[in-house]
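Peer 1: In the working numbering, the protein residues as written are 1188 to 1299.
Quick reminder that beta carbons are idealized off the backbone N, C-alpha and C, glycines included.
All of these numbers come straight from a predicted model, not from anything done at the bench.
Have a look at this one before I ask anything.
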């Protein structure tokens, strides 16, 4: 952020950015920054609570889900292959988390 600000200060006389170009961009194009911040916040919250394998799969499932939604709202089509693949990964992740919890509970019982 500091580097960007310094770059802007040093080059503001040489770069002409008109405000008319900002109004021609659709409003939802500006949501990328806010969504990025939300993803980083959620990742920071969930990272200590789940394994890196589960976190990687959750990020992948999130990207796939948003991609399917964007395809649907942009092109009015849904890829059945992507939908089935995402559901299979989600079910596999859920099954893996259930197994991990059962193993953790069994280890707690053995320690007592």
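(1) Could you tell me the distance, in whole angstroms, from the CA atom of residue 1223 to the CA atom of residue 1263?
(2) Go through its chain and collect everything with a Cβ distance to residue 1258's Cβ below 7 Å, but skip five positions before and after it.
(3) Return the chain-ordered list of same chain residues with a C-beta closer than 8 Å to the C-beta of residue 1252, the five sequence neighbours on each side being excluded.
(4) Are the Cβ atoms of residue 1248 and residue 1271 separated by less than 8 Å?
(5) Please state the DSSP three-state secondary structure of residue 1259.
(6) Just how far apart, CA to CA, sit residue 1246 and residue 1203?
Peer 2: A quick look at the data gives this:
(1) Residue mapping note: residue 1223 aligns to position 36 of the chain shown, counting from 1. Residue mapping note: residue 1263 aligns to position 76 of the chain shown, counting from 1. Whole-angstrom Cα-Cα distance: 25 Å.
(2) For the purposes of this step, residue 1258 is taken as residue 71 along the chain shown, with counting starting at 1. The residues are 1264, 1265 and 1266.
(3) The residue labelled residue 1252 in the question sits at position 65 within the chain shown. So the qualifying residues of the chain are 1273.
(4) Here residue 1248 corresponds to residue number 61 of the chain shown, with the count starting at 1. Here residue 1271 corresponds to residue number 84 of the chain shown, with the count starting at 1. At least 8 Å separates the beta-carbon of residue 1248 from that of residue 1271.
(5) Here residue 1259 is taken as the residue at index 72 of the chain shown, counted from 1. Under the three-state reduction of DSSP, residue 1259 is assigned to helix.
(6) Taking the first residue of the chain shown as 1, we reach residue 1246 at position 59. Taking the first residue of the chain shown as 1, we reach residue 1203 at position 16. Roughly 38 Å between the two C-alpha positions.
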